[in-house]
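Line by line, the protein sequences give chains Y and X. With this note's numbering applied, the first sequence closes on residue 101, and no number is skipped along the way. With this note's numbering applied, the second sequence closes on residue 818, and no number is skipped along the way. The beta carbon of each residue, even a glycine, is placed where N, CA and C say it ideally should be. For clarity, every value in this text was computed on a predicted model and none was experimentally measured. Below is one structure, written out as structure tokens; the observations come after it.
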Amino acid sequence: MITLTHYVVLSALLFVFGMFAVLTRRNAIAILMGIELILNAANLNFAAFSKYVVGGVQGQMIAVFVIVLAAAEAAVALAIILDIYQKVGTISPDETRELKG
Amino acid sequence: MNPAILLIILFAPLAAFVVQILFGKRLFAPKEGEHNRIAGAAIPIAGVLVSLALTLIYVLPNMFQPTDPFNLPADGNGAVWIDMAGGMELRIGLMLDNTSRVLLFMVTLVCSMIHLFAAGYMKLRDGSPEPRYTRFFAYLSLFTFAMLLLVVSDNLLTLFVGWELMGLCSYLLIGFYYEKKSAQDASLKAFMTTRVGDVLLFVGMAILWTHLGSLRFADIHAGMEAGKLSGGALTLAGLLCLGGAIGKSAQFPLHTWLPDAMEGPTPVSALIHAATMVAAGVYLAARLLQAAVLDATALMALAYVGAFTAVFAASIAFVQNDIKRVLAYSTISQLGYMMLAVGVGSYTAAVFHMLTHAFFKACLFLGSGSVIHAMHDGLHHVHSHADAQDMRNMGGLRKKMRWTHLTFLISTLAIAGAPLTAGFLSKDAVLAGALAYGMENPGHFLLPALGFLAALMTAFYMFRLVFGTFYGEYGARANEHDRELVLQAEPHLHESPRIMTIPLIVLALGALWIFWSPMNPMSKGWIGETVVQHEVWMDHGTANIAEGAADSHDDHGGVYHTAHNIAIALSIAAAAVGFLFALLFFGLRVLSSERFARSNFARVLERKYGFDELYDWAFVRTLLRVCNGSGAVDLKIVDGLVNGVGSVFVSARRSFTWLTGAIDRLVVDGAVNGVGRSLRWIGAAFRRAQSGLIQNYLLVIFTGLAALIFIIAMGLR
Chain Y
1 MITLTHYVVL
11 SALLFVFGMF
21 AVLTRRNAIA
31 ILMGIELILN
41 AANLNFAAFS
51 KYVVGGVQGQ
61 MIAVFVIVLA
71 AAEAAVALAI
81 ILDIYQKVGT
91 ISPDETRELK
101 G
Chain X
102 MNPAILLIIL
112 FAPLAAFVVQ
122 ILFGKRLFAP
132 KEGEHNRIAG
142 AAIPIAGVLV
152 SLALTLIYVL
162 PNMFQPTDPF
172 NLPADGNGAV
182 WIDMAGGMEL
192 RIGLMLDNTS
202 RVLLFMVTLV
212 CSMIHLFAAG
222 YMKLRDGSPE
232 PRYTRFFAYL
242 SLFTFAMLLL
252 VVSDNLLTLF
262 VGWELMGLCS
272 YLLIGFYYEK
282 KSAQDASLKA
292 FMTTRVGDVL
302 LFVGMAILWT
312 HLGSLRFADI
322 HAGMEAGKLS
332 GGALTLAGLL
342 CLGGAIGKSA
352 QFPLHTWLPD
362 AMEGPTPVSA
372 LIHAATMVAA
382 GVYLAARLLQ
392 AAVLDATALM
402 ALAYVGAFTA
412 VFAASIAFVQ
422 NDIKRVLAYS
432 TISQLGYMML
442 AVGVGSYTAA
452 VFHMLTHAFF
462 KACLFLGSGS
472 VIHAMHDGLH
482 HVHSHADAQD
492 MRNMGGLRKK
502 MRWTHLTFLI
512 STLAIAGAPL
522 TAGFLSKDAV
532 LAGALAYGME
542 NPGHFLLPAL
552 GFLAALMTAF
562 YMFRLVFGTF
572 YGEYGARANE
582 HDRELVLQAE
592 PHLHESPRIM
602 TIPLIVLALG
612 ALWIFWSPMN
622 PMSKGWIGET
632 VVQHEVWMDH
642 GTANIAEGAA
652 DSHDDHGGVY
662 HTAHNIAIAL
672 SIAAAAVGFL
682 FALLFFGLRV
692 LSSERFARSN
702 FARVLERKYG
712 FDELYDWAFV
722 RTLLRVCNGS
732 GAVDLKIVDG
742 LVNGVGSVFV
752 SARRSFTWLT
762 GAIDRLVVDG
772 AVNGVGRSLR
782 WIGAAFRRAQ
792 SGLIQNYLLV
802 IFTGLAALIF
812 IIAMGLR
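Structure follows, in structure tokens:
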């Protein structure tokens with residue numbers, strides 16, 4: 001029997017993997033993929049809590065919204081990364097630091 | 102009589118003035134090439150004719166017998182004009198007693214005639230239409246209103262308003278040709294000189310007001326009867342008020358403005374400086390006498406001023422060649438007569454002489470205007486710049502200008518006091534009054550003596566004028582330089598148009614005895630009967646004169662009768678002698694005046710006894726010197742003081758500035774810079790946190806988030 005706890009644990013694992021990717025990758029596209037993982041961890045939480053705690057479909061609705069948002073975000077972020085590559089010649093976040101204080 | 106009628110008589114000219122001054126120019130602006138502009142005078146003429154018509158219908162019939170004064174408001178107490186705190190109020194009203202009626206008749210008639218005459222006279226200036234034609238008539242209307250206001254006022258205050266309005270009109274009209282410097286100067290001179298008198302009058306009014314609490318003639322008289330004002334204050338008040346009268350009537354020593362006032366257009370000279378305005382001074386004196394404001398001293402002073410002026414002005418008229426100036430001096434002289442008459446207490450004679458004088462003097466002035474008009478046209482035709490007013494350029498004009506000559510001659514006879522003229526009757530009354538006074542007070546024999554001397558001189562210089570202008574040979578006495586052109590102008594001379602001659606004829610009729618004589622003044626004539634209606638007031642006046650007042654009124658009358666008979670004989674004799682001399686010197690030229698003309702005395706007369714120079718030196722130059730002196734004081738002392746104070750402040754300011762500058766630098770700047778500097782230090786410290794390494798930021802965020810969750814979880818537990 002799959003309970004809410006399973007979902008929450010899975011979601012937490014997903015979040016940690018995503019976070020790990022975002023913090024350690026030296027490639028902007030990999031960081032973006034990490035962000036996708038974090039977002040999906042959140043989606044999983046929404047859906048799970050909606051089914052087990054609240055009832056109804058609000059959670060799933062929000063998850064759908066987040067998926068759409070994530071798609072839009074990926075499009076914009078990839079365009080920005082492409083632009084940065086053309087300007088600076090690399091997509092490593094460590095080397096694109098002209099705006100530092 | 103309906104109150105409305107009096108108001109219409111009074112305000113019709115004012116209404117005409119308002120309409121004319123606001124819309125006149127727009128309504129009657131001449132079209133291109135148009136010369137006939139009489140329409141521009143239509144409204145003022147209509148206004149004054151309304152007044153004249155109502156006066157003839159409602160006032161004239163009541164004029165010939167004593168009538169109770171007509172008051173407006175009807176209760177005779179006047180209306181409150183200004184209500185002051187403490188129970189003081191200024192009450193004003195209109196009053197029509199017999200004196201006012203006589204003057205109302207005179208003013209409206211003479212004003213109407215002069216309006217008509219001026220409509221023709223003022224049409225052209227130097228051959229082109231007069232540009233300020235409508236404005237001229239607006240001023241005439243305003244003047245008419247002012248004079249009417251003065252005449253029907255029952256108090257000194259509105260009388261003073263009319264008085265000053267006339268001064269203003271006089272100024273505007275003398276300076277009517279303000280393009281000419283001489284006209285500007287003359288208008289200023291007239292205004293300033295009469296202003297001296299006006300100020301005196303105002304101070305006199307203030308004294309009356311202080312003591313009596315009212316400026317209405319009736320109240321003043323009642324106050325005098327009650328003895329509220331007496332002694333030195335009364336004398337002072339009387340003398341001050343007479344100062345105003347002397348200024349307005351151009352009596353010595355304030356006479357210098359009147360001859361210069363001839364710079365104005367001739368109808369103005371006729372209206373203001375001969376017939377009406379200058380008579381206002383006499384009217385005021387008569388009113389003051391009626392109200393018993395004048396005591397013996399004031400009357401004595403007035404009588405001597407009048408008698409002296411009569412002879413003094415006549416002597417200057419001997420040598421003048423400008424026909425208007427001769428008439429101006431004759432006006433001063435005749436006004437002197439009237440003042441003399443008031444001074445000796447026979448103010449009926451003064452009013453009578455004022456009335457007849459208005460007619461023949463207006464006629465004389467308009468006649469001279471007619472002559473000047475003709476001469477000016479003629480000389481203009483031949484492009485001569487000879488003086489159109491100099492009688493040496495004239496002569497023999499009787500053939501050219503028959504009506505002008507005839508009316509001028511009648512008026513000259515009247516002013517000279519020839520029998521069968523109005524002037525004979527009135528001058529006789531004046532001289533009889535002076536003589537009676539001289540007989541009662543032998544110490545003052547000089548008054549009648551000067552009076553008769555002036556009569557002789559008047560006849561002399563007036564006939565000199567007539568002979569020089571209308572008889573003899575035309576242009577014979579013009580100077581070499583001008584003679585040729587003056588003689589060429591002769592064919593162009595012509596009689597004036599009818600609008601100018603008809604007023605002359607009307608006024609000349611008034612100068613004949615017909616209108617006046619059946620009512621012989623003083624004894625049983627209407628003037629004597631009507632104007633002396635306030636017999637009590639008269640008594641008061643004469644009692645004052647008689648210094649001790651031992652004689653009764655009957656005695657006075659008896660002396661008067663004797664004096665009258667002597668005066669008739671003497672005045673005819675004086676006029677005849679004057680005429681004879683004029684005939685011998687200037688008519689037949691049997692005697693020559695050459696030697697006299699070259700004498701030093703003639704030169705003194707030509708300089709008018711040097712009064713213009715004296716006043717110029719004493720007042721104008723002194724004033725300038727005082728002004729320059731005070732200017733220097735200003736420059737040196739006051740400016741020095743100001744500059745000194747300034748420099749003290751400048752040095753004070755400098756040290757203060759230094760102090761505040763230091764405070765600024767150390768404290769204020771220090772604070773500001775300190776803030777800036779500390780911010781920079783903080784910024785430098787925190788800048789290191791922004792490394793640009795995005796994953797570092799995220800690490801901080803996640804660590805923080807984890808810490809937050811841990812704390813919350815601990816808290817929930």
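Beta carbon proximity, residue i to chain X, threshold 8 Å
| i | result |
| --- | --- |
| D94 (chain Y) | yes |
| L23 (chain Y) | yes |
| V9 (chain Y) | no |
Closer than 8 Å to chain Y by CB, residue i
| i | result |
| --- | --- |
| I812 (chain X) | no |
| F757 (chain X) | no |
| L809 (chain X) | no |
| L817 (chain X) | no |
Listed by chain order, chain Y residues near residue i by CB distance under 7 Å
| i | result |
| --- | --- |
| S779 (chain X) | Per Cβ cutoff of 7 Å: no residues; S779 (chain X) is ~18 Å from chain Y at best. |
| I795 (chain X) | P93 |
| L800 (chain X) | L23 |
Where the beta strand (DSSP E) through residue i begins and ends
| i | result |
| --- | --- |
| L173 (chain X) | F171 to L173 |
| E280 (chain X) | It is not in any beta strand (DSSP E) - E280 (chain X) carries neither H nor E in the DSSP assignment. |
| L99 (chain Y) | No beta strand (DSSP E) contains L99 (chain Y), which DSSP labels as neither H nor E. |
| R192 (chain X) | E190 to I193 |
Residues that residue i contacts on chain X, provided the C-beta gap is smaller than 7 Å
| i | result |
| --- | --- |
| K87 (chain Y) | Chain X residues near K87 (chain Y): none, gap ~15 Å exceeds 7 Å. |
| M19 (chain Y) | F803 |
9 Å Cβ cut-off: residues of chain X touching residue i
| i | result |
| --- | --- |
| L99 (chain Y) | Q791 and G793 |
Residue i: CB within 7 Å of a non-hydrogen atom of the ligand PLP
| i | result |
| --- | --- |
| M185 (chain X) | In the structure on display, the ligand PLP does not appear, and there are no ligands present to speak of. |
Residue range of the unbroken alpha helix (DSSP H) whose run includes residue i
| i | result |
| --- | --- |
| V870 (chain X) | Given that chain X is displayed from residue 102 to residue 818, the structure contains no residue 870 (chain X) and the question cannot be resolved. |
| K462 (chain X) | Y448 to H482 |
| Q121 (chain X) | P104 to F129 |
| E581 (chain X) | E581 to Q589 |
| E707 (chain X) | N701 to E707 |
| M19 (chain Y) | L4 to T24 |
| I606 (chain X) | R599 to A612 |
| L767 (chain X) | Unbroken run through L767 (chain X): none, as it is neither H nor E. |
| N797 (chain X) | I795 to L817 |
| F237 (chain X) | Y234 to V253 |
Closer than 8 Å to chain C by CB, residue i
| i | result |
| --- | --- |
| V443 (chain X) | Although the question refers to chain C, the structure presented lacks it and instead comprises the protein chains Y and X. |
Residues from the region 25 to 51 of chain Y in contact with chain X, defined by Cβ distance under 7 Å = none
request  = Please go through the region 497 to 544 of chain X and give each complete alpha helix (DSSP H) segment of 4 or more residues, from N-terminal end onward.
outcome  = List check, alpha helix (DSSP H) in window: 503 to 517 and 523 to 541.
key: Runs of alpha helix (DSSP H) wholly within the region 719 to 764 of chain X (minimum 4 residues, chain order)   = 723 to 734 and 740 to 764
ask   = At which residue ranges does the region 315 to 399 of chain X contain complete beta strand (DSSP E) runs of 3 or more residues, listed in the order of the chain?
value = none
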